[in-house]
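A.B. asks: What follows is a single structure, and I will ask about it in a moment.
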Amino acid sequence: MGLFSSPDTRERRAERERRETEAMRAVAAHEVGHAIGCAAAGITVQQVRLTRTGGQVVHAEIDTTDRSAVDGALVMTLAGWAAGAEWAHRHHGMSRSAAQSWARNGARADWAEFRRMRRHGSRSGGWYEREAQKLVRANWSRIERYVGHLLRTGTLPGSHFN
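Residues in the sequence shown are numbered consecutively from 0, following numbering that gives the first Met the number 0.
Dropping the structure here:
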């Protein structure tokens, strides 16, 4: 620290770094949730990676003419949101409802994609949400394990999911 750094400044910096680290944990859970959703839907995962501003799951294209494939892709799209919400619920003591609202804000692009693709699906929006939540809860220990690995390395190979 510099000569003129006050304890107050150091504490604020430490708190900001702690919040940023925790935010990246939630992002990692979100991305691993998508990858778990891909695996459940039979969509080949090529790679999961974190970036300075978020993350990405690189996966095979989805055949939008195949209703079953679209249904799986819609669950996968919401599995990131469900995993982020589950992370907030389990690690920060948020109620499930508050955690889902919080996670939805961070998954706006996924929800936009969900709305765009949903017309090709065969189920109600609520069905996809429930399936994504069930999938995440059933795979929670795996998600926790992969979050740690993803945070350490920045990437996960698709072989973890395929």
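The beta carbon of each residue, even a glycine, is placed where N, CA and C say it ideally should be.
Does the count of Cβ pairs from the region 7-14 and the region 35-52 closer than 8 Å reach three?
C.D. replies: Output reads no: the region 35-52 does not touch the region 7-14.
A.B. asks: Does the separation of the CB atoms of Thr76 and Phe113 fall below 7 Å?
C.D. replies: Yes, they are a contact pair.
A.B. asks: Tell me whether His58 is buried or exposed, calling it buried when 16 or more other Cβ atoms sit within 10 Å of its Cβ.
C.D. replies: Under this definition His58 is a buried residue.
A.B. asks: Do Gln99 and Ala111 come within 7 Å of each other at the CB atom, strictly closer than that value?
C.D. replies: No, they are not a contact pair.
A.B. asks: Kindly indicate which residue of Arg17, His29 and Arg48 has the alpha-carbon position closest to the one of Val135.
C.D. replies: Looking at the Cα atoms, His29 is the closest of the given residues.
A.B. asks: Please state if the CB of Val31 and the CB of Ile142 are separated by a distance shorter than 7 Å.
C.D. replies: Yes, they are a contact pair.
A.B. asks: So, Gly120 versus Val44, is the Cβ gap smaller than 7 Å?
C.D. replies: No, they are not a contact pair.
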